[in-house]
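These notes are about the structure you will find just below.
Residue numbers (my numbering): 3 to 266.
Laid out in structure tokens, this is it:
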């Protein structure tokens, strides 16, 4: 009788041990997932601190230079995921080194800089929108993470109310520069469509036209002064015809179209 009770007791203990082991095995993935989540959260700077740093950097330079560490901190990475963001980050992926021989990258950077400066020095400036760029020579791993094989590329990383476990190209909006170009006005219009943030583009003054006009009138005045006793050339039909044709051809050329409408 005692042996039977002892046997039953050991059986119950064995079953309880097995159930406990199975429960632990089932809970292990959840525990590991929780630990991984906490690790990822600890890798991200607090939101208030991130926003303050972005404001300080944009005051120094409206177009923030992003290396892999800054990109991970303010936007995210494939390994560490994406933090909560109460701001939108517009990023230009580019290759500005002369050795890369990307002539269009410099033109795109100039236009992007105009938009960034227009926003930074606007009376409507607030920490809801920031501009930055990633140079391939400094952030090739970012290009690899996002699987970007060409430059320039304009990406918009919007606000996030929840953390994400990874960072992929689908998490960003990409501007189709092949279709709409990359002029400052086009970039500002694209941002407005995606975020409802309106940017009034202010281009820096271009004194080239004024300088050429002054040179032209100066030369014309000198010619009139030198030939003040013989102004018959002013009535020469051939000279005026050649001048008129030069103006017409210049105004109807592809260069003038590109200057007005932007390159196709």
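Built from N, CA and C at the ideal position, the CB exists for glycine as well.
Can you tell me which of the three DSSP states residue i falls into?
{"i": "residue 184", "result": "coil"}
{"i": "residue 42", "result": "Confidence at residue 42 is low in this model, with a pLDDT of 43, below 50, so the placement of that residue should be treated as unreliable; the coordinate-derived value is given next. Reduced to three states, the DSSP call for residue 42 is helix."}
{"i": "residue 221", "result": "helix"}
{"i": "residue 84", "result": "strand"}
{"i": "residue 127", "result": "coil"}
{"i": "residue 33", "result": "Summary for residue 33: the model assigns pLDDT 43, below 50, so the residue's position carries little reliability; its value from the coordinates is reported in the next sentence. In the structure shown, residue 33 sits in a helix (DSSP, three-state: H, G or I)."}
{"i": "residue 47", "result": "coil"}
{"i": "residue 137", "result": "strand"}
{"i": "residue 175", "result": "strand"}
{"i": "residue 65", "result": "strand"}
{"i": "residue 166", "result": "strand"}
For residue i versus residue j, is the C-beta distance shorter than 7 Å?
{"i": "residue 81", "j": "residue 162", "result": "no"}
{"i": "residue 190", "j": "residue 154", "result": "no"}
{"i": "residue 90", "j": "residue 131", "result": "yes"}
{"i": "residue 65", "j": "residue 156", "result": "no"}
{"i": "residue 186", "j": "residue 204", "result": "no"}
{"i": "residue 165", "j": "residue 86", "result": "yes"}
Just the C-alpha distance for residue i and residue j, rounded to the nearest angstrom, thanks.
{"i": "residue 174", "j": "residue 143", "result": "17 Å"}
{"i": "residue 210", "j": "residue 141", "result": "36 Å"}
{"i": "residue 179", "j": "residue 104", "result": "15 Å"}
{"i": "residue 197", "j": "residue 176", "result": "13 Å"}
{"i": "residue 224", "j": "residue 242", "result": "19 Å"}
{"i": "residue 129", "j": "residue 88", "result": "9 Å"}
{"i": "residue 192", "j": "residue 239", "result": "50 Å"}
{"i": "residue 102", "j": "residue 48", "result": "37 Å"}
Kindly list the residues whose CB is nearer than 8 Å to the CB of residue i, restricted to its own chain and excluding five residues on each side of it in sequence; keep chain order.
{"i": "residue 107", "result": "96, 97, 98, 153, 154"}
Only counting the same chain, and skipping five residues up and downstream in sequence, which positions put a Cβ closer than 6 Å to that of residue i?
{"i": "residue 194", "result": "200"}
{"i": "residue 159", "result": "77, 91, 174"}
Excluding five sequence neighbours on each side, which residues of the same chain lie with their C-beta closer than 7 Å to the C-beta of residue i?
{"i": "residue 145", "result": "95, 138"}
{"i": "residue 122", "result": "60, 64"}
At least 3 beta-carbon pairs within less than 8 Å: the stretch 147-158 vs the stretch 210-228: Segments in contact, no.
Cβ pair count under 8 Å reaching 3, the stretch 45-53 against the stretch 107-121: The stretch 45-53 is not in contact with the stretch 107-121.
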